[in-house]
Amino acid sequence: MGDTAFLIFVAAFFGFAAVLLLLSYVSVSQGQEYTVERFGKYVNTLYPGINFIMPFVDRVSHRINMMEQVMDVPSQEVITVDNAMVRVDGVVFFQVMDSARAAYRVENLNSAIENLTTTNIRTVMGSMELDALLSRRDDINNQLMKVVDEATDPWGVKILRVEIKDILPPKDLVEAMARQMKAERDKRAYILEAEGKRQASILLADGEARSKVLEAEGRKESAFLEATARERLAEAEAKATKVVSEAIANGSAQAINYFIAQKYIEALGKIASAENQKLVMLPLEASSILGVLSGIGEIVKEAFEKMPEQKSSAHPHEQAVSLEKIKAAFQDTNVLRKNEDLEQGKEN
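Start counting the sequence shown at 157; every next residue gets the next number (the numbering used here).
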């Protein structure tokens, strides 16, 4: 009887101890912290791992998430300084740094952070113009983060980032902005087009100037060559005239006949090749030309007979040489004239 009672007592003792152990055992997950109250007063914080509390006296009051959290800020309408109505929404990234303050300094931490962020968005963005809202989003984010972080510091919360997701102006304002952007793009396009035309005009004018310079240099070179050719022709004609004069002085009648025949043939060639010439008058018989030449020759012969005897008694060999010189001089003159005519034809 006594042994049975002892066994029952031992079993009851160990059973009660097991129940107390189970009631005092608390396992905290990673990224969590628990606050413990004893008779309604905060006494301790439980960290990740195995923790023990006093059963029937202590209790876990708050389970706080210590990881970084994301909260969407509901969209709201904001009136800017220039009376533009815009709809704004954002997102907040925060982390609890002190679980006890987060549990006992503020009630409903998430709701408090949301309302605080919403209010500061309206305050900060309402003090700016629309153009600044659209172009200075990073400045707005930094300013909001600073203001909200200072306000939540007593709660044991660290504000990591505040991001404005969308800024939506009214529909009519969006259309006006679209027209303004289109006008700005058209303006830039017109400026680029005008700049292109200006560059093209500059290049064209430069090309024309260079072309005129080259053309002037060509005319200069052509005039120089033409003057050189005329000078050579004049020298050849002067030489031919000198040779004829010497032949006449030596008493060569054949020289004067050859000279006159040469000029006569050249005159007939120019008359025949004239563009406006429609009718050419020639003697009826070929012997008429010879008659003309012989008549001129007789006149010259009479002139020679009146010369002193020392001039008329020139050696026949000297007369032949004079005639050859005359022919050579006139051939040089004809060659130069033909070259000049060819150059003028190329220029035309």
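Glycine included, C-beta positions come from ideal geometry on N, C-alpha and C.
Only a predicted model underlies this, so the values are computations on that prediction, with no experimental measurement involved.
> Whole-angstrom Cβ separation of V244 and M210, contact assumed at under 8 Å?
Replying inline: As a first step, residue 244 is located in the sequence shown; it is residue number 88 there, counting from the start. As a first step, residue 210 is located in the sequence shown; it is residue number 54 there, counting from the start. The pair is not a contact, with the Cβ atoms about 50 Å apart (cut-off 8 Å).
>> Taking 6 Å as the limit between beta carbons, can you name the residues of its chain near D228, skipping five residues before and five after?
In response: Translated into the one-based positions of the sequence shown, residue 228 becomes position 72. These residues qualify, in order along the chain: V247.
> Quick one: what's got a C-beta closer than 6 Å to V303's C-beta in the same chain, skipping five residues either side?
Replying inline: Position 147 of the sequence shown, counting from 1, holds the residue named residue 303. Closer than 6 Å at the Cβ level, and outside the excluded window around V303, lie N276.
> Are there 16 or more other CB atoms within 10 angstroms of the CB of E474, so buried, or fewer, so exposed?
Replying inline: The count along the sequence shown starts at 1 and reaches residue 474 at position 318. Below a pLDDT of 50, predicted positions are generally treated as unreliable, and E474, at 48, falls in that range; the measurement from the model is reported next regardless. By the neighbour-count rule (16 or more Cβ atoms within 10 Å), E474 is not buried but exposed.
>> Helix, strand or coil for S183? Go by DSSP, reduced to three states.
In response: As a working note, residue 183 is residue 27 in the sequence shown. S183: strand per DSSP, three-state reduction.
>> Just to confirm my understanding: we take E224, look at its own chain, exclude 5 residues before and 5 after, and list those with CB closer than 7 Å. What are they?
In response: In the sequence shown, counting from the first residue as 1, residue 224 sits at position 68. Around E224: F249, Q251, L316.
> Can you check whether the CB of E189 is closer than 8 Å to the CB of Y203?
Replying inline: Here the question's residue 203 lines up with position 47 in the sequence shown. Here the question's residue 189 lines up with position 33 in the sequence shown. Against a cut-off of 8 Å, the Cβ pair of E189 and Y203 comes out as a contact.
>> For P230, would you say it is in contact with chain D, using Cβ-to-Cβ distances shorter than 8 Å as the test?
In response: Of the protein chains in this structure there is only one, and it is not chain D.
>> Whole angstroms are fine: how far does the CA of R219 sit from the CA of N298?
In response: Working through the sequence shown from its first residue, we reach residue 298 at position 142. Working through the sequence shown from its first residue, we reach residue 219 at position 63. Answer to the nearest angstrom: the Cα atoms are 31 Å apart.
> Roughly how far, in whole angstroms, is the beta-carbon of M222 from the beta-carbon of S255, given that I think they are within contact range, below 8 Å?
Replying inline: Locating residue 222 in the sequence shown gives position 66, counting from the first residue. Locating residue 255 in the sequence shown gives position 99, counting from the first residue. Yes, M222 and S255 are in contact; Cβ-Cβ is about 7 Å, under 8 Å.
> What are the residues that DSSP puts in a beta bridge with R243?
Replying inline: Looking up residue 243 in the sequence shown gives position 87. DSSP, once it has assigned bridges, lists E233, L324 as partnering R243.
> Taking the beta strand (DSSP E) that Y190 falls in, what are its first and last residues?
Replying inline: Translated into the one-based positions of the sequence shown, residue 190 becomes position 34. 188-194 is the extent of the beta strand (DSSP E) around Y190.
>> Run through the DSSP bridge pairs and tell me what G205 is partnered with.
In response: Position 49 of the sequence shown, counted from the first residue, corresponds to residue 205. Answer is V184, bridged to G205.
>> Let me check one thing: in DSSP terms, what residues is K314 bridge-paired to?
In response: By one-based count along the sequence shown, residue 314 stands at place 158. Answer is Q251.
> First and last residue of the alpha helix (DSSP H) that includes D294?
Replying inline: Numbered from 1 along the sequence shown, position 138 holds the residue referred to as residue 294. Run containing D294: 293-308, per the alpha helix (DSSP H) assignment.
> Exposed or buried, D295, counting other C-beta atoms within 10 Å across all chains shown (16 or more means buried)?
Replying inline: Position 139 of the sequence shown, counted from the start, is the residue given in the question as residue 295. Flag for D295 reads exposed.
> Relative to the alpha-carbon of P310, which residue among L359, A258, M337, N239 has its alpha-carbon at the smallest distance?
Replying inline: For this step, residue 310 is matched to residue 154 along the sequence shown. Here the closest residue by C-alpha is A258.
> Tell me which same chain residues have a C-beta within less than 7 Å of the C-beta of L176, skipping the five on either side of it?
Replying inline: What you label residue 176 is simply residue 20 of the sequence shown in a count that begins at 1. Cβ neighbours of L176 beyond the five flanking positions: P211.
> Near T273, what residues of its chain come up, given a Cβ to Cβ distance below 6 Å and the 5 sequence neighbours on each side ignored?
Replying inline: One-based indexing of the sequence shown puts residue 273 at position 117. Excluding residues within five positions, the ones whose Cβ falls inside 6 Å are V229, V248, V304.
>> Here's the rule: buried if 16 or more other CB atoms are within 10 angstroms of the residue's CB, otherwise exposed. What is L359?
In response: As a working note, residue 359 is residue 203 in the sequence shown. It is exposed - the Cβ of L359 has fewer than 16 other Cβ atoms within 10 Å.
>> Excluding the 5 residues flanking T201 on each side, which residues of the same chain have their C-beta closer than 8 Å to its C-beta?
In response: In the sequence shown, the residue the question calls residue 201 occupies position 45. The residues are E189, Y190, T191, V192, S255, A256.
>> I'd like to confirm the pairing. Which residues does DSSP put opposite Q225 in its beta bridges?
In response: Translated into positions along the sequence shown, residue 225 becomes position 69. Answer is F250.
>> Can you give me the C-alpha to C-alpha distance between R386 and A394, rounded to a whole angstrom?
In response: As a position in the sequence shown, residue 386 is number 230, starting the count at 1. As a position in the sequence shown, residue 394 is number 238, starting the count at 1. Whole-angstrom Cα-Cα distance: 12 Å.
> Under the three-state reduction of DSSP, which class applies to D238: helix, strand or coil?
Replying inline: For the purposes of this step, residue 238 is taken as the residue at position 82 of the sequence shown. D238 falls in the coil class under three-state DSSP.
>> Once the 5 residues before and after V234 are set aside, which same chain residues still bring their CB inside 8 Å of it?
In response: As a working mapping, residue 234 is identified with position 78 in the sequence shown. Cβ within range, chain order: M241, V242, R243, V244, I277, R278, M281, G282.
> Since D214 sits in a beta bridge, which residues does DSSP pair it with?
Replying inline: The residue given as residue 214 occupies position 58 in the sequence shown. Bridge partners of D214: R194.
> Among R293, F195, V226, I269, which residue has its Cα nearest to the Cα of I320?
Replying inline: In the sequence shown, counting from the first residue as 1, residue 320 sits at position 164. Measuring from the Cα of I320, the nearest candidate turns out to be R293.
> What separation, rounded to the nearest whole angstrom, lies between the Cα atoms of L265 and I164?
Replying inline: Working through the sequence shown from its first residue, we reach residue 265 at position 109. Working through the sequence shown from its first residue, we reach residue 164 at position 8. Between L265 and I164, the C-alpha separation is close to 51 Å.
> Who are the Cβ neighbours of G187 in its own chain at under 8 Å, not counting the five residues just before and after it?
Replying inline: Translated into positions along the sequence shown, residue 187 becomes position 31. So the list reads P204, N221, M222, M223, once near-sequence residues are dropped.
>> Closest to R308 by C-alpha separation, out of D322, L348, V262, would be which residue?
In response: Along the sequence shown, one-based indexing puts residue 308 at 152. According to the sequence as given, residue 308 is Thr; it is not Arg. When each option's Cα is compared against that of T308, the closest is V262.
>> Please report the straight-line C-alpha distance between A161 and F172, rounded to a whole angstrom.
In response: Counting from one through the sequence shown, the residue named residue 161 turns up at place 5. Counting from one through the sequence shown, the residue named residue 172 turns up at place 16. Rounded to whole angstroms, A161 to F172 spans 16 Å at the Cα level.
>> Nearest by alpha-carbon distance to K105: which of M301, M284, D322 is it?
In response: One cannot answer for residue 105 here, as it falls past the ends of the chain, which runs 157 to 504.
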